[in-house]
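Residue numbers (my numbering), protein chains in the order written: chain P, 9 to 589; chain F, 231 to 435.
Just so it is clear, CB atoms sit at the ideal spot from N, CA and C, and this is done for glycine as well.
Quick caveat, the model's predicted, so the values are computed rather than measured.
Beneath this line is the structure, given in structure tokens, with notes to follow.
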């Protein structure tokens, strides 16, 4: 199995002698670029070498070396291995490196995230504000010297649990009995919320022009959410409207932020698995899959053969139920309450029954382990899966399509709205079904195969128009392909052990880095991990597809009607657990 | 013709509407209970179900699969003289493996010698923090902590369970997880037999 990072195809150091150097730290790969040359090298990568998709951007705080590092992962949409490049700066405030937003618009939110959580500024970024924490927050939480209010120890397990055994409530550690930390001279009596100005200032301005024969109109700012039933959780979007037409918008997020990555850095490798369930809570199986694949890369271990099949079966069942929810919720948002969504939920219910029987929980599965899965799938459950895959799901997918696809109201709402071209989709780092609906056949199961996907015969679902209708139809195409994979997987599943490793709760990974990515139902789910040889990851980053796909929302919405915006949010298939992390 | 797609869609819902009644009537004719019976619930969560397949909670409940997990409990064996033999040895693996760190174990010492005794003096689980991942049960080497099936534990205040509240007999465990219990008992007996055989075997001279 080819892993993307280890098979380096381009030698940047030879291409830019004296400027770019290979990353020589043991366990690391990729290239170091001085910040002065970053834009030059990145432009060459995109335009000359064909690395058109910059998927992930994140920071690492190397406090011992007194360095801050920004790590970029770029790939080709034609498939194959990717390239990693890094920029280091001295860990002295203010830190600044050039922004790449003019090359790849998709890094806009990710650069804001790095600024927010690490305090690295990006020069020439169009809108560098905090993104997950609120404006006025004190500090940058992912720095290694930042400690949360309920801080106990640097890493788990905590001594107070065992051997000391002194029970205390975490909230008693803070005088406010609250998970909040205030700046030193903070006075809640005198605090005035004034930071919203930055948000509204970032919105598109509409200049009043007195054109002949045209009525003068004023623009209006509307805040959709955070408590709005159509926003799939606590997403807030500030929209500037001219009448009913959207002329600019900015999403505001972080209402569900709990700093998953900081929690992950406190945890041991094993303890992170149940936390990944809570990212995209509809697809805990996929999240587990992505995480364990990354750690297995770091540990360099093989997965048991039977477990590989079980993993694929569970991940594909998860994709089917995710797309069913997507269809139900999209139509719910279009105004057809309950009936289609409950039809979709019925098949999902049967899939969740299987998840519950194998893992013990319907949604928080916690089923994958390093080297395999936690428990075997019994013959009864395998029979249930076969019944679903061979008898029920294909017929029910047909029924669902017959039920909805030709509905004139649905077609009228979806056809031709919110078109995203292939070039724009790539430029905005959009992945998953949204990218494929725009005509780019980029599916990681084919483009950069992981696990055993190279053994199965299936097609990459792709549509050409990039409008809402194609985005809707491609979900059914993908369900069909998933059923095809499942048919082959349940037939070919071998007998044997379900884990190649002995149960071990104190896993230590050798020093180094790994970037693992899988095709989650929503797009590319990536995990970037850095180990320093201890039992806890030094850096743990989640490249969430919902978060990056949302970058394109402003582009897609501008010039369309406000009522279609609600459909677009459903169409991007965002989940706040993953978006806010 | 405009509206044909809508009619086509409505034919699906129309069929589903009648499917429910047809299924109900055919079950009634054959004298079986479609609702509030185990058979009926199983049918409604199988591949053959037609029409609506809602489970009428709380009058009826989905059948809980054996592996279902919800908050842990501690297992004790009832000895012949009626005393409780707590399986937990306070080794601390569960506390170390717990992702949200919601387990506190107070170890006990022998009052005479002051040496540690393999029985917990107390054992706390903060149920409000527990994320029901099941790691404690998975990694316990003594089968002393297991995941429960009882999910009706809503309360209006912070609930921290202590040793007394957490202890449940092995018979209860055998009842909710018969297959796992049987496998574990077999392994335990095999281990004890091996131990006895080793003890009985004459020592090499």
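Can you find the residues in the same chain that come closer than 7 Å, C-beta to C-beta, to residue i, ignoring five residues on each side of it along the sequence?
i, result
"residue 338 of chain F", "347, 349, 350 and 351"
"residue 246 of chain F", "281"
"residue 353 of chain P", "336"
"residue 107 of chain P", "119, 130, 131, 132 and 133"
"residue 249 of chain F", "280 and 281"
"residue 289 of chain F", "266"
"residue 60 of chain P", "54, 84, 85 and 434"
"residue 145 of chain P", "138"
"residue 329 of chain F", "361, 363 and 365"
Leaving out five residues on either side along the sequence, give the residues of the same chain with a beta carbon under 8 Å from the beta carbon of residue i.
i, result
"residue 372 of chain P", "282, 285, 286, 289 and 292"
"residue 94 of chain P", "31, 38, 39, 40, 41, 77, 78, 79 and 80"
"residue 570 of chain P", "230, 247, 249, 252, 253 and 254"
"residue 45 of chain P", "24, 27 and 28"
What in chain F is Cβ-close to residue i, meaning under 7 Å?
i, result
"residue 282 of chain P", "329, 361 and 363"
"residue 416 of chain P", "232, 233, 235 and 236"
"residue 347 of chain P", "243"
Between the beta-carbon of residue i and the beta-carbon of residue j, is there less than 9 Å?
i, j, result
"residue 393 of chain F", "residue 369 of chain F", "no"
"residue 481 of chain P", "residue 413 of chain P", "yes"
"residue 349 of chain P", "residue 362 of chain P", "no"
"residue 469 of chain P", "residue 451 of chain P", "yes"
"residue 386 of chain P", "residue 359 of chain P", "no"
"residue 243 of chain P", "residue 584 of chain P", "yes"
"residue 229 of chain P", "residue 254 of chain P", "no"
"residue 323 of chain F", "residue 291 of chain F", "no"
"residue 479 of chain P", "residue 488 of chain P", "no"
"residue 316 of chain F", "residue 367 of chain F", "no"
"residue 355 of chain P", "residue 410 of chain P", "no"
"residue 97 of chain P", "residue 105 of chain P", "yes"
"residue 405 of chain P", "residue 491 of chain P", "yes"
"residue 262 of chain P", "residue 588 of chain P", "yes"
"residue 366 of chain P", "residue 376 of chain P", "no"
"residue 419 of chain F", "residue 306 of chain F", "no"
"residue 508 of chain P", "residue 380 of chain P", "yes"
Tell me which residues share the same chain as residue i and place their Cβ nearer than 6 Å to its Cβ, disregarding the 5 neighbours each side in the sequence.
i, result
"residue 138 of chain P", "124"
"residue 521 of chain P", "36 and 538"
"residue 433 of chain P", "443 and 446"
"residue 406 of chain F", "379"
"residue 517 of chain P", "306, 307 and 539"
"residue 559 of chain P", "114, 116, 117 and 436"
"residue 14 of chain P", "Caution applies to residue 14 of chain P, whose pLDDT of 42 falls short of 50 and renders its modelled position unreliable; the value that the coordinates give is listed next. Answer for residue 14 of chain P: no residue qualifies."
"residue 547 of chain P", "68 and 538"
Please compile the residues from chain F whose C-beta is within a distance smaller than 9 Å of the C-beta of residue i.
i, result
"residue 365 of chain P", "295, 296, 297 and 298"
"residue 275 of chain P", "329"
Would you mind telling me which residues of chain P sit closer than 7 Å to residue i, beta carbon to beta carbon, in chain order?
i, result
"residue 325 of chain F", "165, 169 and 170"
"residue 354 of chain F", "175"
"residue 303 of chain F", "Within 7 Å Cβ-Cβ: nothing; residue 303 of chain F doesn't reach chain P, min ~15 Å."
"residue 277 of chain F", "395, 396, 399 and 400"
"residue 283 of chain F", "354"
"residue 336 of chain F", "173"
"residue 322 of chain F", "170 and 171"
"residue 265 of chain F", "Simply none; closest approach about 17 Å."
Could you tell me which chain P residues have their CB closer than 9 Å to the CB of residue i, listed as they occur along the chain?
i, result
"residue 244 of chain F", "In chain order: nothing, as chain P lies at least about 11 Å away."
Name, please, each residue of chain P whose Cβ falls closer than 8 Å to the Cβ of residue i.
i, result
"residue 259 of chain F", "Within 8 Å Cβ-Cβ: nothing; residue 259 of chain F doesn't reach chain P, min ~25 Å."
"residue 239 of chain F", "410, 411, 412, 414 and 415"
"residue 270 of chain F", "Here the premise fails: no neighbours, minimum Cβ distance about 15 Å."
"residue 368 of chain F", "382 and 511"
"residue 252 of chain F", "Under the 8 Å cutoff, chain P gives no residues; its nearest Cβ is about 16 Å from residue 252 of chain F."
Practice task
Indicate whether the contact test is met: 3 or more Cβ pairs, each with one atom in the region 371-387 of chain F and one in the region 290-309 of chain F, closer than 8 Å.
Solution key: At 8 Å Cβ cutoff, the stretches touch.
Handout entry: Against chain F: residues of the region 156-175 of chain P by CB proximity under 9 Å
Key = Residues 160, 164, 165, 166, 168, 169, 170, 171, 172, 173, 174 and 175.
Practice task
Answer yes if the region 150-162 of chain P comes into contact with the region 117-131 of chain P, meaning at least three C-beta pairs across the two stretches below 8 Å, and no otherwise.
Solution key: Contact holds: three or more Cβ-Cβ distances are below 8 Å.
Handout entry: contact_flag[the region 575-585 of chain P, the region 417-427 of chain P] where n(CB pairs < 8 Å) is 3 or more
Key = These segments touch.
Exercise for the section: Can you give me, in chain order, the residues of the region 368-381 of chain P that have a beta carbon less than 8 Å from any beta carbon in chain F? Expected result: Going along the region 368-381 of chain P in chain order, one finds 368, 369, 372 and 374 with a Cβ nearer than 8 Å to chain F.
Practice task
Would you check if there are 3 or more beta carbon pairs closer than 8 Å linking the region 262-277 of chain P to the region 154-167 of chain P?
Solution key: Cβ pair count under 8 Å is three or more, so yes.
Practice task
Please determine if the region 457-466 of chain P and the region 312-321 of chain P are in contact, where contact requires at least 3 C-beta pairs separated by less than 8 Å.
Solution key: Cβ pair count under 8 Å is three or more, so yes.
Handout entry: Contact the region 307-317 of chain P vs the region 544-558 of chain P: 3+ CB pairs below 8 Å
Key = No, because fewer than three Cβ pairs between the region 307-317 of chain P and the region 544-558 of chain P fall closer than 8 Å, the two stretches do not touch.
Handout entry: Interface positions of the region 504-528 of chain P facing chain F (Cβ-Cβ less than 7 Å), listed along the chain
Key = Those would be 511 and 513, in chain order.
Exercise for the section: Mind checking the region 395-415 of chain F against chain P and listing, in chain order, the residues whose C-beta falls within less than 7 Å of any C-beta there? Expected result: Result list empty, no residue passes.
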